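At position 29 of the sequence shown (counting the first as 1) the number is 29 in the UniProt record's numbering, and the numbers step up by one without a gap.
So the structure is just underneath, and the comments pick up after that.
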Amino acid sequence: MSQPRNNNLLLKTLVMGGFIAALVYFFHPGVGSFSLIINGEPVADPLIRFAAIPTLLIAMLFTGILMFLAFLGVGMFMFIAALAFIMLGVFMVAPYFWPVLVIIFLVIVLMSIGNTKDS
Numbered sequence: 001m002s003q004p005r006n007n008n009l010l011l012k013t014l015v016m017g018g019f020i021a022a023l024v025y026f027f028h029p030g031v032g033s034f035s036l037i038i039n040g041e042p043v044a045d046p047l048i049r050f051a052a053i054p055t056l057l058i059a060m061l062f063t064g065i066l067m068f069l070a071f072l073g074v075g076m077f078m079f080i081a082a083l084a085f086i087m088l089g090v091f092m093v094a095p096y097f098w099p100v101l102v103i104i105f106l107v108i109v110l111m112s113i114g115n116t117k118d119s
């Protein structure tokens, strides 16, 4: 017996999300102003504000590239590469804690080994 499909669920979700986003945008006190905060203090220097825009654009471009690669199916490769990059950074930043890091790494490896029985 097949279950009835609710085709309007996606539309309802998008409409509700748009409605909530519109309410947040219209009633937020900082709408229309670009403010930069460093160490909890608002920054009024125009050069720092100008420097923040290319940084934001580069971060958005990087996020867009990662999303495009994820849609192409390169997600697991990206995850493993990011994990290796993070582990390399941890090993370089904390050289005095390498025995603890090796133990954590071995625990992760042992936990990731799956059951080899055919089911």
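All C-beta atoms in this analysis are idealised placements derived from N, C-alpha and C, irrespective of residue type, glycine included.
Predicted, not measured: the structure shown is a model, and the values here were computed from it.
Quiz prompt | Whole beta strand (DSSP E) elements within the region 36-90, 3-residue minimum | solution = 36-38, 41-43
Quiz item: When the Cα atoms are used, what is the spatial distance from L14 to G75?
Solution: Residue mapping note: residue 14 aligns to position 14 of the sequence shown, counting from 1. Residue mapping note: residue 75 aligns to position 75 of the sequence shown, counting from 1. Going from the Cα of L14 to the Cα of G75 covers about 25 Å.
Quiz item: Helix or strand or just coil, what does DSSP make of S2?
Solution: Within the sequence shown, the letter at position 2 stands for residue 2. Residue state, collapsed to three classes: coil.
Practice problem: Could you round the C-beta distance between M78 and L69 to whole angstroms and report it? I think they count as a contact, below 8 Å. | Solution: If you number the sequence shown from 1, residue 78 lands on position 78. If you number the sequence shown from 1, residue 69 lands on position 69. Rounded, the Cβ-Cβ distance is 6 Å, consistent with contact.
Quiz item: Expressed to the nearest angstrom, what Euclidean distance is found between the alpha-carbon atoms of A44 and L56?
Solution: Counting from 1 along the sequence shown, the entry for residue 44 is found at position 44. Counting from 1 along the sequence shown, the entry for residue 56 is found at position 56. Taking the straight line joining both Cα atoms gives about 18 Å.
Quiz item: Considering only C-alpha positions, which residue in the set F27, F26, A52, L88 is nearest to I37?
Solution: Looking up residue 37 in the sequence shown gives position 37. The shortest C-alpha separation from I37 is found at A52.
Self-check item: Straight-line gap, F12 to A21 (C-alpha atoms, nearest Å)
Solution: As a working mapping, residue 12 is identified with position 12 in the sequence shown. As a working mapping, residue 21 is identified with position 21 in the sequence shown. The identity of residue 12 in the sequence shown is Lys, whereas the question assumes Phe. Those two C-alpha atoms are separated by around 14 Å.
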